[in-house]
Amino acid sequence: MRTVEHELTGLQLTGLHGRAGRWRPAAAGPFTLLAVALALLPLRPAWLWAALVTAAAAFPWALGALPAARRRTRPYWRLSEDGLAHIGPGGLDIVRYERSRIDALAITTGDGALTVLHRFGRTPAGPLAALGMEPLALFVTARRLGITVHVLDGDAADLLDPALDEEPPVPGIGVGPLPRDHTAEKRLLDQEAELLAAAHEPAREDVRLDGDPLVLASPAPVPSRRRITLAGALAGLLGTAMVARIALDGAPDFGARLAAACWAFAAITGVLAARRRLLPAVRTEWTIASGELRVRTRPGPREGTVLPAAGIAALVVGPGLRPDPATGGPRPADLAVLAFDHRLRLVARLPAHGLDAFQLAHALDDHGHRVVTPGARPPRTPEYGLEGLPEIFGQVPGGRLVVADGGLGWADAAGDVVLRMPQDRIGGIELLTIAGHAWVRLYDSDGDEFFAAPLSALRIARTDLRETARRAGLPVNDAEYDAYLSAAFHSAVSTLSVPAPEAPPAPVSAPGTVLDATRLSRFATYLTSVFLCQAAALLGAVWLGPQLGGFSRAASWTVPVALLAGLGGYWLYDRDRAQLKVSAAGLAVVTRRGRVEWDLAHDRIGGIGIDDSADRTPRLVVWAPSGRVARRVPFPPDLEELRRACERHGLPWGPPDADRPAPPPPEL
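Take the sequence shown: its position 569, counted from the start at 1, is 712 in this note's numbering, and no numbers get skipped.
Now the structure itself:
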């Protein structure tokens, strides 16, 4: 049997829900059209006509119920000691990146994509969500396999730009000037460190093993599954009854067959819509005990997924992935749980959508399970008072810390010093802030800390302790106060210094010129939309006119309806049309409602112009500095206004090599 050590398998529906498959119709759309077409045909006898319509509607469900269709699995990705592979339904490799040929892996934070760095360049593998892999699981597994993982700012398209090869590479990465995202990489490293600590630390002793299990469940869906099922069944039964009623009448004319086709279409659509609505209407149920975890989804197998606590080192609670109810592919989830064993292997992905993250994390921790979360933990609240201080502090009523005789002392309410610490024993006094309160730390002559307490417990102000200790010649370090003085001095002389350059604004927010589609193109599109709707209305009147009272009578209401549909439909699209914004910061395509479709910074634009390639319609394109097409603009703005706007804001007009001498033709 093949070992699964050092293996990370992409998200699969069967792995999350623990079932072999789901009954789903196969090719429901084509068979729905076939049922409607059969209902319009004048077939005789009528019972054969009704049987064919019913069979065409039911055939997708019978085809989806076959064992071969239910056992079919979706392709998935796997990272193992053999490399990164895309596994097909039959277990065959669709794509494989061998381990010996992988130099490193790069995760770009702009689009969350994975890029394979190898000897001959860079190859994009795709977004991590589409691969079915979480960043933490990929990061930990790749490092255990000896594969370097880089977390970089930007998009995967930046890594593929050949212009980066001409820039000085970043040390340790081997690519152009893409900076590391230290925040994301530090978060992954911190979570990996917590997993390592959980894998090697002994089990907690403050957990009661005989406590009652805690059951957490997501709220019931609204509307309930019973109501959705009832609505879908009623739609199917009503359509079947109406088709049967028309068949009993013999389906005499085209009007009756048209009504039967509409009823068949409505029944099939209602059943498919009810099934579609049932798929996400599931509940997640967790049974948390000290000895095991039991997770199940309802509807689903009664046993669910059972994980013994002895085989779990830590549970990572946070955003993750879950299978899409309709397609079965991976999709982002607000809450998911990853279970790692003591060898840092990913043993299970547990669904948790619909649960409260706060309640789930604390319930797991209360039952002895080690919980790791992506966010930083809040600092521990210090305990104030006289606990942890020398006993003499509590025995002196009204005692307080004072600076006396060149050292520190503890004085009573009358001001008499009852405890002295000479200067030769004090190596340093550090003043700092912990959880919003002032603290003092004392170090001996060797530099070791031997005392720490809040100043409120010592009954002395921070300013008094700092000033009196410095006047007495004691070594005092108050970094926060010194930083405050430095900031105050800097603000006083800032008018005499050159201001620091501000970060360049984004192309969307920078002031610039907004270019819209030309009026002629918009008017032509309106006419095209109206013409297509009128053509469809006239064809429908010719086809259905004899059954609806003649061509003139049918066209009298189809033509106005088509006119309104053409004008109204394109008006709804045109009111949120895209516009091109040109500014000194770059280019951006923004809709009239403010939605940003894409933007490009000035340094990523090599040229703006018209692409006159022969295999497609000429379009306005934006080239990268390397010469490749970076973006295409789907609407045609006024080229003269665009050229003047580019010249006004300093953007290059024309392809990147327009100013270079053209090479001679091959025949010369």
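Built from N, CA and C at the ideal position, the CB exists for glycine as well.
- Note on A556: under 16 other CB atoms within 10 angstroms of its CB, so exposed under the neighbour-count rule.
- Under the three-state reduction of DSSP, R718 is assigned to coil, being neither helix nor strand.
- The three-state reading of DSSP puts G709 in helix, counting H, G and I together.
- Nearest neighbour of T175 by Cα position, chosen from V460, P203, T701 and I290, turns out to be P203.
- With the rule of 3 Cβ pairs closer than 8 Å, the stretch 479 to 492 does not count as touching the stretch 368 to 379.
- Annotation: the continuous beta strand (DSSP E) that includes V480 extends over P473 to F483.
- The beta carbon of A169 sits closer than 8 Å to the beta carbons of P203, L206, G207 and A212 from its chain, once the five residues preceding and following it are set aside; these are given in chain order.
- Contact between the stretch 429 to 441 and the stretch 382 to 398 is absent: fewer than 3 CB-CB pairs across the two stretches fall below 8 Å.
- With a 10 Å radius around the Cβ and a threshold of 16 neighbouring Cβ atoms, D589 comes out exposed.
- Between the alpha carbons of A268 and P468 lies a gap of roughly 24 Å.
- Contiguous beta strand (DSSP E) elements confined to the stretch 729 to 774 occur at 729 to 734, 739 to 744, 750 to 754 and 762 to 766, taking only those with 3 or more residues.
- When only Cα atoms are considered, L339 and I245 end up about 25 Å apart.
- Beta-bridge analysis with DSSP links P466 to P473.
- Of the candidates V480, L681, I753 and W429, W429 places its Cα closest to the Cα of A360.
- Rounded to the nearest whole angstrom, the CA to CA distance from L248 to A376 is 51 Å.
- The DSSP-derived three-state label of H261 is strand.
- Assignment of beta-bridge partners to H325 by DSSP yields no partner.
- Residue pairing by DSSP places P779 opposite no residue, since no beta bridge is assigned to it.
- Between the beta-carbon of L464 and that of V480 there is about 11 Å, and that puts the pair past the 8 Å contact cut.
- Excluding five sequence positions before and after P779, the CB atoms of its chain that fall closer than 6 Å to its own CB belong to S664, given in chain order.
- L663 sits in a helix when the DSSP states are folded into three classes.
- When DSSP states are grouped into helix, strand and coil, P597 belongs to the strand group.
- Here D254 has P270, D298 and A299 as same chain residues with Cβ atoms under 7 Å from its own Cβ, once five neighbours each way along the sequence are excluded.
- Taking the Cα positions, L617 is about 9 Å away from R609.
- About 5 Å separates the beta carbon of G750 from that of P795, a gap short enough to meet the 8 Å contact definition.
- Bridge pairing for A547: G550 [DSSP].
- Within the same chain, Y240, T258 and V259 come within 8 Å of T266 by CB-CB distance, once the 5 residues on both sides are set aside.
- Annotated three-state conformation of D392 is coil, per DSSP.
- The beta carbon of A341 sits closer than 6 Å to the beta carbons of A456, A457 and R513 from its chain, once the five residues preceding and following it are set aside; these are given in chain order.
- By DSSP's assignment, E610 forms no beta bridge with any residue.
- Taking C-beta atoms as the reference points, R492 and R167 fail to come closer than 9 Å.
- Linking I572 to D625 through their CA atoms gives a straight-line distance of about 14 Å.
- E592 is bridged by DSSP to Y586.
- With distances taken between CA atoms, P462 lies nearest to A280 out of A280, S243 and V545.
- Just measuring C-alpha positions, the residue of R221, I250 and S243 sitting nearest D236 is R221.
- Exclusion of the five residues before and after G770 leaves P799 as the residues of its chain whose Cβ lies within less than 6 Å of its Cβ.
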